[in-house]
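**Q**
2 protein chains.
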Amino acid sequence: MAKSIKEIARELNVSKSTISLVINHKAEKARISKELERRVLDYVEKIGYKPNALAKSLATGRSNTIGLIVENIGDSFFGPFALHVEELLRKKNYHVLYSSTLGDPQNAQDIIDFMLEKRVEGIILAPTINLEEHQRKILEHKVPLVVFDRNSPDIATHYVHIDNGDSSRKACSYLQSIGCKNFGLITIDSDQPQMLARKEAYLEFCAETGMQSRILQLPYHRLKQKGISALQSWVAKNVGLDGLFFTTNYLCILGLKSLRTEGGKQFDFPLFSFDDHELFDILNPKISCIQQPLEPLAKTCVRVLLKEIDRGISSPKEYVISTNLIKRQ
Amino acid sequence: MAKSIKEIARELNVSKSTISLVINHKAEKARISKELERRVLDYVEKIGYKPNALAKSLATGRSNTIGLIVENIGDSFFGPFALHVEELLRKKNYHVLYSSTLGDPQNAQDIIDFMLEKRVEGIILAPTINLEEHQRKILEHKVPLVVFDRNSPDIATHYVHIDNGDSSRKACSYLQSIGCKNFGLITIDSDQPQMLARKEAYLEFCAETGMQSRILQLPYHRLKQKGISALQSWVAKNVGLDGLFFTTNYLCILGLKSLRTEGGKQFDFPLFSFDDHELFDILNPKISCIQQPLEPLAKTCVRVLLKEIDRGISSPKEYVISTNLIKRQ
DNA sequence: TATCTTTACTAATACGTTTTAGTAGAAATA
DNA sequence: TATTTCTACTAAAACGTATTAGTAAAGATA
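Chains A and B are the protein sequences, given in the same order.
What the first sequence shows, in our numbering, is residues 1 to 329, in sequence order.
What the second sequence shows, in our numbering, is residues 1001 to 1329, in sequence order.
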């Protein structure tokens, strides 16, 4: 359908090479006369020629595409993150092939295969469960890889993340500082390292201050169905609570829903969220949180990945981005 | 780096054709012996061969990729929409090359060029300003195109959308039904057709019911800087207001922020939003809204596009998806 | 005038696939 | 035994590009 260099060459009575050279601004280097160059350029412009990037990539070995694999492009963490990544890459003339795993290893498998087949030049990955094997596969194929947000402890890759333990610790101290003497932790029953780290820090805080630890682990996979009632009955049981620390923003939102539905001022104690949300500052009471700085996270991922692509794969490093404590009480 | 069919062929002492045929499950059709088939399959499995999708696409003319162009993948409308699209396409063995224009025509230009060059098999586009020319280009290149959410009146494409006028009308009636006799409309100073339609319906409602129309048009491009104070002073000026109808959810959020910052119960009248938001049902007061059913929207876009791809481009049609009125007062 | 340079290109090969026409040898048929 | 049919493959062309070595013609040099 679309015209190719070959056809253009025929129509202009010159060789394919000439067309290719002119189009790629190598006319001068190849001593193509100004006049012919103009003729080609004009013609190409006139018919609106678009080079076939597939063929181009095949010939050059460069796809100008990088893969971005997240859990859910639709959520309020990965969506804006993806936007930053896209923006940063656009400036370097790269484009993004993205995909959401939805936490399904089979999806992840397919996505990674597809990306490798598409010869993406690098991959940014927020791994979910059981992705060690896939990461290994990516590395075997010598495709630069940057992992962010979560990682698999037993596989060495470039890893961009926040300090979960430290951030969680800051959160606890803050709650203490505003008068909470008995706050609980709401988390999910997942063994993702970042979740474990957040919980660990809470437990350490309890051990150090002598506060009684109260932890509720909600079922990740049936959160929507079970979460609200589970949380409600747990709060009812735990008398004396004077604060709640949620380890993710969606848990905090779930918390808000649970505690609101029973009408009135069910909770007159502070809620704290790990991860911000665009409406946390207009809720009543306002919700303080740990904020992951998305842009620095994205910038680091992109910078590290591009360096790998440019200079070849180097030995894995960790990059820790510090979080912000947003005080709203 | 990655092994090619050619190398595999050499190593196995057979021809490239054989390898290709076996890999593509055409061994039987091509009368390759079971034994050789096994040998190839095993070897391919063993070395973890991944076909080069670029070469494959070049040979077959199919890229198995579709382009999705939205304004901002990070926002709460396009993000979840994109997720649905991805999920639906995954089932059909298609993948998504997405991009955000951020409302910048130059970005849009680049994105579309890139997608055409990548030979996407079809494009789903939520056009922003001045995209008529680009749409025309896509069509010229005979690439199936489905436009959603917004369209350019003077260019014929398949167009999936909600009925903005009708929905806006429903919203007005609802506000009236819950006792608002003097509600205003907050919108942006854009001439996007869907925004105009929402405003028009409000004006018609005013004309029919005799309600005085009060409209504030906020500057789209400087919303963050100017929006809040502009809204505050407008509300202060308009005495007697007893309700606000925001034509998008981000305007409604801006409204919440404006009206909250002045402390206390600045607004004791209902707010209504065009487009839902995950927290609208836990705010106090709860916010009613028009909800665009994302999944049906996505489903229709995908269905229409795939049909175009399969059966060839057909004459443009419109597909109207009906909205839901979510009553929360 | 014979040789060397320069100019302005082109031919040929490669990238990694798919696909179709072709073929050597074995088996079946007449 | 000569011909036909099968079997099990392979050769070759094609997809659309980039790149490098090569070349014919013109001009410069000695």
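Just so it is clear, CB atoms sit at the ideal spot from N, CA and C, and this is done for glycine as well.
1) Quick test of the definition: if touching needs 3 or more C-beta pairs under 8 Å, does the stretch 1287-1303 of chain B touch the stretch 302-321 of chain A?
2) State the DSSP-derived secondary structure class of B:Ser1099, mapped to helix, strand or coil.
3) State the DSSP-derived secondary structure class of B:Ile1155, mapped to helix, strand or coil.
4) Mind checking the stretch 113-131 of chain A against chain B and listing, in chain order, the residues whose C-beta falls within less than 9 Å of any C-beta there?
5) Report the residues of the stretch 90-102 of chain A with a CB closer than 8 Å to any CB of chain B, ordered along the chain.
6) Does the separation of the CB atoms of A:Leu244 and A:Ile186 fall below 7 Å?
7) Assuming A:Asn324 and A:Pro296 are in contact, meaning their beta carbons sit under 8 Å apart, how far apart are those beta carbons, in whole angstroms?
8) Quick one: list the residues of chain B neighbouring A:Asn52, beta-carbon separation under 8 Å, in chain order.
9) Interface residues of chain A around B:Pro1080 at Cβ under 7 Å?
10) Comparing C-alpha positions only, which one of B:Lys1046, B:Asp1310 and B:Ala1197 sits nearest to B:Glu1121?
11) Mind pulling the chain A residues with CB within less than 7 Å of B:Lys1257?
12) Near B:Gly1240, which residues of its chain fall below 7 Å by C-beta distance, leaving aside the five closest residues on each side in sequence?
13) For the alpha helix (DSSP H) containing B:Gln1194, list its first residue and its last residue.
14) By Cβ distance, which residues of its chain are closer than 7 Å to A:Ser100, with the 5 residues on each side in sequence left out?
15) Measuring only between beta-carbons, confirm whether A:Gly263 sits less than 7 Å from chain B.
16) Please return the same chain residues whose Cβ sits closer than 7 Å to the Cβ of B:Gly1263, not counting the five positions on each side in sequence.
17) Alpha carbon to alpha carbon, how far is A:Ala201 from A:Lys170?
18) With distance defined between alpha-carbon atoms, name the residue in B:Gly1255, B:Met1211 and B:Glu1278 nearest to B:Pro1270.
19) Out of B:Pro1080, B:Ala1207 and B:Leu1223, which one is the CA nearest neighbour of B:Tyr1250?
20) I need the DSSP call for A:Gln291, collapsed to helix, strand or coil.
21) Rounded to whole angstroms, what is the Cα-Cα separation between A:Ala27 and A:Glu37?
22) In angstroms with no decimal places, state the Cα-to-Cα distance between A:Gly61 and B:Leu1054.
23) Taking a contact to mean a Cβ-Cβ separation below 7 Å, would you say B:Asn1164 touches B:Ala1126 in this structure?
24) In three-state DSSP terms, what is B:Leu1145?
25) What's the gap between the Cα of B:Thr1247 and the Cα of B:Lys1199?
26) Relative to the C-alpha of B:Asp1166, which residue among B:Phe1081, B:His1095, B:Leu1145 and B:Leu1203 is closest?
27) Determine, for A:Glu86, whether the minimum Cβ-Cβ distance to residues of chain B falls below 7 Å.
28) Assign A:Ile111 to one of three DSSP states: helix, strand, or coil.
29) May I have the straight-line CA-CA distance separating A:Lys265 from A:Ile253, to the nearest angstrom?
30) By the three-class DSSP mapping on this structure, what secondary structure does A:Phe272 have?
31) According to DSSP, what are the bridge partners of B:His1161?
32) Just by C-beta distance, which residues in the stretch 133-147 of chain A are closer than 8 Å to chain B?
33) Apply the 10 Å Cβ neighbour rule to A:Val302 and answer buried if 16 or more other Cβ atoms are within range, or exposed otherwise.
34) Ordered along the chain, which non-local residues of its own chain (more than five positions away) have a Cβ less than 8 Å from that of A:Val14?
35) Alpha carbon to alpha carbon, how far is A:His221 from B:Lys1091?
36) Would you list the residues sitting across from A:Val70 in a DSSP beta bridge?
**A** Based on what the coordinates show:
1) Taking 8 Å as the limit for Cβ pairs, the verdict is that the stretch 302-321 of chain A does not touch the stretch 1287-1303 of chain B.
2) Strand, per DSSP.
3) Residue state for B:Ile1155 is assigned as coil, using DSSP reduced to three classes.
4) Residues are counted here when their Cβ sits less than 9 Å from a Cβ of chain B; for the stretch 113-131 of chain A these are Asp113, Phe114, Met115, Leu116, Glu117, Lys118 and Arg119, given in chain order.
5) Hits within the stretch, in order: Arg90, His95, Val96, Leu97, Tyr98, Ser99, Ser100 and Leu102.
6) A contact, by the Cβ cut-off of 7 Å.
7) With a contact defined as Cβ atoms closer than 8 Å, A:Asn324 and A:Pro296 miss out at about 10 Å.
8) Simply Leu1058, Glu1117 and Arg1119.
9) Residues of chain A passing the Cβ test: Gly74.
10) When only C-alpha atoms are compared, the closest one is B:Asp1310.
11) Residues of chain A with a Cβ closer than 7 Å to the Cβ of B:Lys1257 are, in chain order, Ile282.
12) The residues are Asn1182.
13) Start and end: Pro1193 to Thr1209.
14) Non-local C-beta neighbours of A:Ser100 in its own chain, meaning closer than 7 Å and more than five positions away in sequence, comprise Val70, Glu71, Asn72 and Ile73, ordered along the chain.
15) Low confidence applies here, because A:Gly263 scores a pLDDT of 46, under 50, leaving its location unreliable; read the following figure in that light. It does not: the Cβ of A:Gly263 has no partner Cβ on chain B nearer than 7 Å.
16) Unreliable positioning characterises B:Gly1263 in this predicted model, as indicated by a pLDDT of 46, which lies under 50. The coordinate reading is nonetheless provided below. Its chain contains no residue whose beta carbon lies nearer than 7 Å to that of B:Gly1263 once the 5 sequence neighbours on both sides are disregarded.
17) Those two C-alpha atoms are separated by around 9 Å.
18) The shortest Cα separation from B:Pro1270 among B:Gly1255, B:Met1211 and B:Glu1278 belongs to B:Gly1255.
19) The residue from B:Pro1080, B:Ala1207 and B:Leu1223 with its alpha-carbon nearest to that of B:Tyr1250 is B:Leu1223.
20) DSSP places A:Gln291 in strand when its eight states are reduced to three.
21) Rounded to whole angstroms, A:Ala27 to A:Glu37 spans 7 Å at the Cα level.
22) Between A:Gly61 and B:Leu1054, the C-alpha separation is close to 10 Å.
23) With respect to B:Ala1126, B:Asn1164 sits apart: the two C-beta atoms are not nearer than 7 Å.
24) Strand at B:Leu1145.
25) Rounded to whole angstroms, B:Thr1247 to B:Lys1199 spans 8 Å at the Cα level.
26) Here the closest residue by C-alpha is B:Leu1203.
27) The beta carbon of A:Glu86 sits closer than 7 Å to some beta carbon of chain B.
28) Residue state for A:Ile111 is assigned as helix, using DSSP reduced to three classes.
29) Residue placement at A:Lys265 is flagged as unreliable, the pLDDT there being 47, under the threshold of 50; a coordinate-derived value is accordingly withheld.
30) Strand, per DSSP.
31) In DSSP, B:His1161 forms a bridge with B:Val1320.
32) Taking 8 Å as the Cβ-Cβ cut-off against chain B, the residues of the stretch 133-147 of chain A that qualify are Lys137, Glu140, His141 and Lys142.
33) The residue in question, A:Val302, is buried, as its Cβ has 16 or more Cβ neighbours within 10 Å.
34) Hits under 8 Å: Leu36 and Val40.
35) If you take the alpha carbons of A:His221 and B:Lys1091, they lie about 22 Å apart.
36) Paired residue(s): A:Ser100.
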